[in-house]
Every structure is written in structure tokens, then in C-alpha cells.
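Numbering (the UniProt record's numbering), first residue to last: 1 to 1137.
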């Protein structure tokens, strides 16, 4: 007999063991989160190839997103499966119809649920229990180990010895389009982290009434079925040959069985991580045994009557670091009723969601009805199913609220009632009950909530609970209650040395405000969170004190990044940057209008009108690779004839994009003109006068939202029911269908069938007509989106822009022109800009323009008006991207911008989109102002001078460190520009980013349109300026940049040519050059033969002779070399002569 004696571990070793174990536990949460992320439904998913090896029986692919197969296309060529007439194969495609069932991989669902349960176990360990209780910690670790091991086993899946019931879990027929053949079984599962597909062709064992024989009349002598008819078909042997299965109510045999697998990298990564996590948890358990001094015993299976404290030395280390190593997420509380129902409903499946093996065995049932437990629980399942169907039926009939007593909604669960008598269904149900009690009550359990069996398991998993019952009040509590009661009583002397109570009426306080705080530096009282309360309790137990003063500055972090004021002012974006269409004014009314029509009909008309399913001819701008013709929007607000369905399509497909783009431009105009401009319009008599000349009312809705936001900033305390001064609105709608729909959404709005023509109307009395000119309608803001591309001729576009200019208020009216963000849209906007600068807007050095008359010798000089370009240009020179007027072939660079918005549900249905619900609408625009030139009023500098100053940067104008220490109430409501603060810089003298900034490592590259009218590339490295580099990382497409750069170079532009070649012309020219090159070679050969050159003749092939290909190529190569040599010699001779 041998005795082994081990010396006790020193304190340093114990602390080292604790540190190592806690570091491993800290990595557990991250590993489990990575597993959950790999199993999460993220696009585009994993596309796996499913093809049979060494044969063409199965070829195809499937796409897995999360636990579902969302896409698949498989071609089958099986001898035992009859294909459709005229096709050699059978095609299986996963259906994308809305009502089709989903192809769910139940094993992956189980793995995902088990990973989530593991995270819950870690959360329970974080938020509940005693960190010094070794039994509790060991039980939680053992539970975590079993859960991870279960997840790994489920992911490992089936093998040759253990297989699931494929005849019960095969895919449904209507999952595919077209449906599966009736004699084909499609079974998809997971095995060894790979996706495994089993295909089985089946034949019934019941003899049919018409069994063909070798002598039957339907015997075919043209094919290869004579041998099959005589001796039966030849199939490869498999392990299920001769077995009989019940398939859809019939007994069948498996004729042919094919297995195809494809390795999934994501599942392999999950498998590897789970194995590593299981190993780490096992190391943790071993380390904890060392700390507890129970290396040679199995503490988990041994009964524990009291909590065993950790050894001295390691206890302090674990208590201080346990909370910091684990995550702070609170555990998810799931109703035990739902858990019981889900468990009972899935008891027949092989892979049960949430199933786990427990280490303890449930005590044997001693009740006389215990042998009928399966029958009782089967009856309970049936009752639950019938209750669910009855609840759905009552809900459809509207009887559920009134007669909910018919259902057992608030009463005890039948499964729980019977489990107290005949025992639980299985160990999983018992453990679910205990786990739910732990999550709901923590370590304080109500008296009688768990029975003896449940308490035994609870103690084994979490340690002994604290039973919470009705405890008698202590004397101190009774005295305090008596004082509380006496504090509201009034007594007076009774004249005999005693006191008597006097009744009085209690008056409730009407103004119960917040408690008074006399110390002005002390903030309002804050309720202590559960985490802080628990941390304080642990600190008190350890004799320490919780220090919170050092985190005061971090308690309320700054919600906004500290950007330079000029950077904030130059931002080209709404707030928030993504536009959410308002439901009460835009999406709600449109949904009500569309609800009276068929969604399918609306989608068909939209696809037919706007060029396809993705609506490329709507406000959407398809990418260049799509090679879609750049056509104008087919439906215009000014067209006279529009059907009812076209009116619906206009509202559903065009309104969201027009609203988002118009709102983006209006916000930019509001930023550049300042607060005074829009508030002056609101304050004038009658409010602002606005015209929507092309959006059918979407521009008015965007303008009203801008007004509403400005009014809320002006009058922050105004009641919600008070009206907002929206002013007067006019909308161009020529058709009755569009007018009737827009009038539902717009109140106090005038609808005109067309624009008034002021271009061809006299402005003053003439010699022929001495009467005064007729009065003209003038507008403060004109929004004209998508009105230029529909006009094919250039002169028609100019007349349209001139007409809009004459409709503007000459004292500060704003005109906004907007087109789609492609080459033709930009050219239309750039042509309008060039015409306005040439004829109407006055600039230094260009105050007149020459108008040519019919006489060749006479011309007339006309003075231009005051005006300016508001956005996007910060110069009034010729556009650097529009050097040649008109259409340019091969243009690649053009000025355009984008705005993201969330698509409404009706637009999602039209597009058939299921994953991405946002869209980036691209557009080119220009905004000009008539009669006001801020360049003169505010001394705004533009040109090369402004470009040089902007390159040097204006960062020095604001001291960011001084501003960090100041908190101004005015800065919350408004951000004054630098010009308003008395600085010399204005946003209209800054360059604008015309493309997305390229953010590289250590530097940011801008493509800017400078105030000098040039496109330059500026580089802002980290070494240039800390603030400039930080702001450059936050810069976006369309922003104005004010902090300068370190280097700049001219950017090369691809602007095309006026008379350039299109694609057809380039292909024709290339073919012609090839043909000419071939002819010249033939001519050269003829010339060489006529001049008796020393060339090698191609050998003539004799009859029956075969010349190798290398010999032919070699002879041709010699001929070319000789020709080149002779031509070189001839050119040399000519030069010598």
C-alpha cells in the first residue's frame, strides 16, 4: 500500500492559478460571441457547391444565411428519376414566393440556441450568486461545459451509425419551384461541420393495377428499357436496400440513394471555436478544483450541505476580478410557459431546440400513474395545440378579449401541474424549470415554489437557495411603523393631564415637485443601478469603499464629436444624414391612397413604366455597369393625360426619391443663406410663396418640413395644436389623376395645369401697345426637379429656365433646378448654369451681355441683374467639368451628389426588396438667388485668392481648446457661422468635395472644386494637423472644406469630346482597321512575290500528307521576317538615293 502526500500550495501559486483561470474565463464571452456572429443571419451568406464526385448525378449550389437556405439551384441526372419531357435533367430551385415555407436547418438552430444559452449561463454567473461560493461557481462552470459540449455534438451531426429519421424530416414539396417530384426525398443536414444532402428516389411496395411485363403492349423497343423491363433496373447498392419506410402514408423502398456534401468554412470555424472553448472551460474546472483542494474527488456529484468557501488568498483575487472579466449584459428572462410548450411541441424531433444532457438522473417515479406518463403528456400536447388553434380562431372573430376565460391563459400550466405528481417529461423539462426559477428570482426563492426534486437539482447547479417567506416584524420595524402612523395624527390636551386625538381634513399637495437642492453644485438625485449596487455590496463585504469620483467626467460623455466650427458649418447633409420619410405627411397618406388598389397591379404598371423591376428610369440612378439608357422620367407632373394607375405609380415610385433629394437641397440652401433668410420669409405678410414646378407636390412637402423645423427652433414652447405659418403653395399638376391624389396630402395649395409663359410677354409698354403690362405672379422659392431632360432641344431648355427666372421674386427669390445624377442630367444642369451666368447673373468683370439682333452689324448690350449661385458652386466662373457646351461622348467625370433615404413599405413591395431597405438617390442640382448678391453685402471673396487662403486653412480662427472648456446654451440651438462671429471667412468661399473623400491609412485625399473654378486633389496627412486630420476622417461627399491641406495637384478629368465616338462607332472603327490591316498584309505579300524577294514559300501539301501545325506557324513566321527585312532594306535604299 502506497501513500502519496502533497504539500499545500503557497499563496503566490494560488493567486497565479486564479489569474490564469480568470483570464481564460474572460475570453469565453468573446469566443461565444464570435460563434453567435458566425451563425447570425448576415448577408450575403455562404454559397456552397453541391456536386457529386466522379459523376454528373448532382450539380448545383445553395446559399445559406444563418440557419436557413435562402437560395438554391440543383440539377439532377438520376437514372431512377424520370425527368420532364424534353429535358435530360430535373431542376430543383428554392422558391422565393412570399407564401412558400422556409428551408430551415434545425441542427444549426439548435446550435445557435445552445450558444445563446451558454451566454445566459455566463450572464447568470455575472449577475447572481455569490462569487465566493465554490459550489455555485463550480456548478455554473459544469453547466457551461455541458452546454458547449452539447452544441459541439449537435454541430458534429449524424454519422453512419446514428442517423435521423429522414422520412419525417425531409423537405416539403412546396419549398421548391416547381415542387419536388412525388417519388423524391430531399434531406439536408449537418455532419462534421459540412452541409450534407441526401437524395433518395422511392418506389412503393404496393403492387399497382397496371404492372407492365416483358410482353406488355407498352413495351418500348426504341429505348434502352428492355433490360429494365425483363430484369429490373440496375442501381448502385446502398445501406437502405430492402428496408421499408413509411413515406407520406405509404410504404416505400429506396431505389437509389445519393449523398453529397460541401464543407462550410463558417461552420468549421464554429466547430473549432466550440472545441477550444470546451477545452478552456475544462481547464477552468481543473484550476478551480486545485483552489478548492478537491483534486481527487468529483465535487459535482458529491452532496453538499453547505457552501464551501474558497481558500484564503485566492478568494480575494477572484472577488475583485470576477465582475470585471465578464460582460455586463443582463440575462434574458424567458417565460417558463413558453419553454415548456416549445419543449413539448418538439419532443418528437431528433434535434430539439435547447436540449441539453444533465449529469444527474431524475428520481424514479413512484406514483401509480407514472407508467402512463407518456400518455398524459401526449394528451397535454394535444390540448395545447387545440387551445392554440382555438385562440387564433377567437382572435380572428374578435372574441378573445371578451371571452378569454374560455382559455387557460392565466391559470397554471397543465404540464407543471402533472409534473408535481407523475414526474417531469424528461430531464430537460426539469432543468428548464429550475433554470427559469433561477433567472426569475435569483438566489431568493419563494417558499413552496420548487418541490424536493427541483430543489435538489437547484442546489446541485447553483448552490443552496434562500427561501423567502413571511417573516415577523422586528421591534424596531414595529416602532418605525407606529411612528409613521403617528406622524399624521393631531392631539390636544383634554384638561385632565392627558391627550386626545383631534380629527382634521387632510389636504393633498398639488405641486409635488422635485426635492429641493440647496447645494448648487450637487445635481439631482440619481437612482443607483443594479450593477453599482452589487459592486457596493461586494466592496462593503471586503471592507473597502467604492470610489466613483474619478468617473464623473466619463459618466456623461459628449454625444457629438468635437469638430471644428467651420467643418460643422460646411457639412452637406441632413440631420440625421439618412432621411426618414415622415409617416403623417408622406408615407401614411400615400399608403391610404394605394390601399384601394392591387399591389400586384401597381407593381406591374411601375415595372412597365419605369423600365424594369429595379425602376431604372425613375429617380433611381443605375450604376454605369448596368448600361441603362439615360432617359428622362417617363411620367411628368406637367403631362395632361395620366391614368389612375399611373397616378398611383407616380406617388409610390417617384415621391420618395423626389422628397429626399429636394429636402437635401433645401437644407443646404438654408445653411448657406442663413437663419435670417428663412425667418424673414416666415415673418413676411402671408408667409413664403413657393412653387413646385416638377415634383407633383413632393417639393412642397419637403419645404414644409424645413419650415416646421425652423418654426420649432423659433418658438420652442409652441403648443402642438397651434398651426404653423406655411405660407402659400402652388403645384403644377396637369392631369386629374395626379391632382386628386396630391390634393389629399396638401392643404391650402393651388394647383395649376401648366406654367405661365412670361418669356414671350412684354415687360413694359411698347409702341404697338401703350397699356401697362399684365401683372405677373412671383414666387419666393421655386423647386423644379426633373423638368429639363424631358426637353430634347437646347433652346427649349433655355426658354424653360428663362421662364422660371422671370417667375422669381426679384428681391431675393431662390430657384432650385435638379436632375438625375448621371451624365445627361449633369449636362442639363450645367447648361442652365452657364446660361444664367451668361445672361442674368452679374459678376465682377461681367455686368453686361451682348444680345445679337437680326442685323449682322447691330448688337445690343443688356445689363445683368444682381444674383448669385448658392450651391453647390462656390465660384461664378466657367464650370471646370463643363468645358464644352452640349452633349459630350465618353464623359466619366461630372458633378453630382447623393442622399440616402429609407424606402417606405409600398416602394419595397414594388422593387421586391427583402433585405436592403434604403436607397442612395443621386442627383445634380444648382440653386441660385435673384436680386441679392451676398458677395457684395458680406464681402465674400471668390477666385484664386480664396482658393489660396482655403489651401492655407482657417483652423487658426477658432481655439478648440478654449471652446472645449466653455458650454454655451446658444450653441445647442444654433451654430453661428464664422462670418456671423466677425471672421473674414464665409462658407461660400470654401472648396467643395465633388467626390467621396479617399480615407487611407495616415492621410485623407480630397477631390475639391475650388473657388478658383478648378478641380484639384488635396491631401491631408496626419502630420499636417491633428484637428484637420480628425475632421478629414469625418468628411463626406459634398462637404465644404475649410482646414486646408499639405499638398495639392490638379486632378485629371475625363470629360469626353463634343463630337466623340460612341460605343458603336468605336467598334466599327476597330473592325475597319483590322480589315485594312489584313488587306495591307496581303498586298505586301503580293508585292514581295512580284519583286522576286527571297522569301520562303509555304510548302504545298500533297495528297495524303499531313503537315504539323508547328511547321505551318514556323513557315509563316519566316515569311513575315523576310518581308520585314526586305521592306527595311528598301527604305534604306530610298534614303540613300
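No residue lacks a Cβ here, since even glycine has one placed at the ideal position from N, Cα and C. In this text, all values refer to a predicted model and were calculated from it rather than measured experimentally.
For residue i, the three-state DSSP class (helix, strand or coil)
i	result
residue 104	strand
residue 424	coil
residue 729	strand
residue 1009	strand
residue 864	coil
residue 1027	helix
residue 1105	coil
residue 81	coil
residue 897	strand
residue 120	helix
residue 458	helix
residue 444	strand
residue 1138	Residue 1138 falls outside the range modelled here, since the chain spans only 1 to 1137, and no answer is possible.
residue 691	strand
residue 892	coil
From the options, residue whose alpha carbon lies closest to that of residue i
i	options	result
residue 903	656, 630 and 27	656
residue 120	102, 896, 145 and 100	145
residue 568	100, 37, 455 and 955	955
residue 580	264, 900 and 722	900
residue 110	1042, 157, 95 and 77	157
residue 850	840, 663, 844 and 862	862
residue 266	78, 45 and 444	45
residue 834	883, 807 and 816	883
residue 1138	88, 137, 135 and 66	The requested residue 1138 is not part of the displayed model; the chain covers only 1 to 1137.
residue 419	388, 439, 454 and 437	454
residue 839	868, 705 and 812	868
residue 871	1043, 588, 778 and 670	670
residue 664	635, 573, 691 and 936	573
residue 40	171, 179 and 270	270
residue 429	457, 441, 621 and 202	457
residue 761	373, 443 and 807	807
residue 1037	1056, 994 and 1004	994
Own chain residues within Cβ distance below 7 Å of residue i, not counting five before or after
i	result
residue 446	468
residue 912	613
residue 999	1033
Nearest-angstrom Cα separation, counted from residue j out to residue i
i	j	result
residue 117	residue 874	59 Å
residue 461	residue 540	27 Å
residue 932	residue 631	35 Å
residue 30	residue 586	44 Å
residue 1139	residue 745	Outside the displayed range of the chain (1 to 1137) lies residue 1139, so it cannot be described from this structure.
residue 188	residue 916	28 Å
residue 934	residue 1039	20 Å
residue 35	residue 155	12 Å
residue 939	residue 648	49 Å
residue 278	residue 1029	45 Å
residue 382	residue 261	38 Å
residue 422	residue 589	59 Å
residue 741	residue 597	13 Å
residue 47	residue 830	45 Å
residue 957	residue 1019	21 Å
Those residues which DSSP pairs with residue i across a bridge
i	result
residue 93	73
residue 1019	1005 and 1047
residue 247	250
residue 276	DSSP lists no partner for residue 276.
Chain-order list of residues whose beta-carbon lies under 8 Å from that of residue i (same chain, five-residue window excluded)
i	result
residue 661	619, 785, 818, 899, 921, 923 and 925
Same chain only: Cβ atoms within 6 Å of residue i, ignoring 5 sequence neighbours per side
i	result
residue 894	823, 826 and 881
residue 942	875, 989 and 1011
residue 780	681, 688, 689, 809 and 813
Heavy atom of the ligand MN within 8 Å of residue i beta-carbon
i	result
residue 417	Although the ligand MN was asked about, the structure shown includes no ligands whatsoever.
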